[in-house]
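Reviewing the structure listed below.
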Amino acid sequence: WNVPKGGTGITIYGDYGRPNTEYGKGNAFGGRVALGVGALTLTAGLASWTPETFNDRVTSYGGTAAFRLIGGTLIPIAVNVQAGAAHNGEVTSGVDTLPAMTNITGAVGISVWLPTPGVSVEPYIAPGVRFHHRSNPPAGLKENETNVGFVVGGNFNFGLVGIHLAYDSEKFDDGKMHDVFGIGANVGLRVPLGM
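Mapped onto our numbering, the consecutive letters of the sequence shown carry residue numbers 15 to 209.
What follows is the structure, given as structure tokens:
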């Protein structure tokens, strides 16, 4: 997820993700809280995913920091840089084991803000580099891997309430594309930040 335009105050997000077959399929649900102060946005989140062949859920937690380089109320184009990290513990279900993994990402987000009557539309693309560290990986999986990936998405806001969707794609060293389609809703809270 990315919001290159940024924002101020607190935004609460609820997310749903559907990974493709190469990524383990199943369903993922998550929640995030973002704090926007000027050009800086800090986000913390928690997600829970059940791969198709697992009975147990995989829980991950992480955060991002995004800084808007250009864009604002007078410029309809926004560019930001985003860095983040996430971690999940090891999960075993039957004979399948998903190793503990730490992911670190860096991306550039580019969006165009389309103010339309009653709704603001922000389509974006965010290419980036992703580093994965697996603890005690099973045979056939590398301990460390660095890949290039991208996200194409859109943010649609109706005042303080909005919806967002994204398609995330990353090619791993084994040649397989790991893709996720996500959709969610958000609500913004404007708070005085000079407390």
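Built from N, CA and C at the ideal position, the CB exists for glycine as well. This structure is a prediction, so every number in the text was calculated from the model and none was measured.
{"Asked": "If you check the beta carbons only, do Gly202 and Thr78 fall under 9 Å apart?", "Found": "no"}
{"Asked": "Cβ of Pro33 within 9 Å of Cβ of Pro65?", "Found": "yes"}
{"Asked": "Going by CA-CA distance only, name the one from Ile124, Thr111, Thr160 that's closest to Asp187.", "Found": "Thr160"}
{"Asked": "Grouping DSSP H, G and I as helix and E and B as strand, with all else coil, what is Glu36?", "Found": "helix"}
{"Asked": "Within its chain, find whatever has a CB closer than 7 Å to the CB of Tyr37; leave out the 5 residues flanking it on each side and keep chain order.", "Found": "His192, Asp193, Val194"}
{"Asked": "Which residue from Glu136, Ser107, Val72, Trp63 puts its Cα closest to that of Gly176?", "Found": "Glu136"}
{"Asked": "Do you know offhand how far Phe164's Cα is from Val122's?", "Found": "9 Å"}
{"Asked": "Is DSSP giving Pro129 helix, strand or coil here?", "Found": "strand"}
{"Asked": "Report the residue from Ile89, His101, Phe145, Leu56 whose alpha carbon sits nearest the alpha carbon of Val126.", "Found": "Ile89"}
{"Asked": "Put Glu104 into one of helix, strand or coil per three-state DSSP.", "Found": "coil"}
{"Asked": "Compute the beta-carbon to beta-carbon distance between Asp30 and Phe43, rounded to the nearest angstrom, for a pair I have assumed lies under 8 Å.", "Found": "For the sequence presented, residue 30 should be read as Tyr rather than Asp. Yes, Tyr30 and Phe43 are in contact; Cβ-Cβ is about 6 Å, under 8 Å."}
{"Asked": "Along the chain, where does the beta strand (DSSP E) that runs through Asn200 open and close?", "Found": "191 to 203"}
{"Asked": "List the endpoints of the continuous beta strand (DSSP E) containing Thr55.", "Found": "54 to 64"}
{"Asked": "For the beta strand (DSSP E) containing Arg71, name the first residue and the last one.", "Found": "Run containing Arg71: none; DSSP gives neither H nor E here."}
{"Asked": "Using the Cβ count rule (16 or more neighbours within 10 Å means buried), how would you classify Ala48?", "Found": "buried"}
{"Asked": "Indicate whether Thr22 and Gly50 have their beta-carbon atoms separated by less than 9 Å.", "Found": "yes"}
{"Asked": "Are Asn102 and Tyr138 closer than 9 Å when you measure CB to CB?", "Found": "no"}
{"Asked": "Please say whether Glu157 and Arg144 have beta carbons closer to each other than 9 Å?", "Found": "no"}
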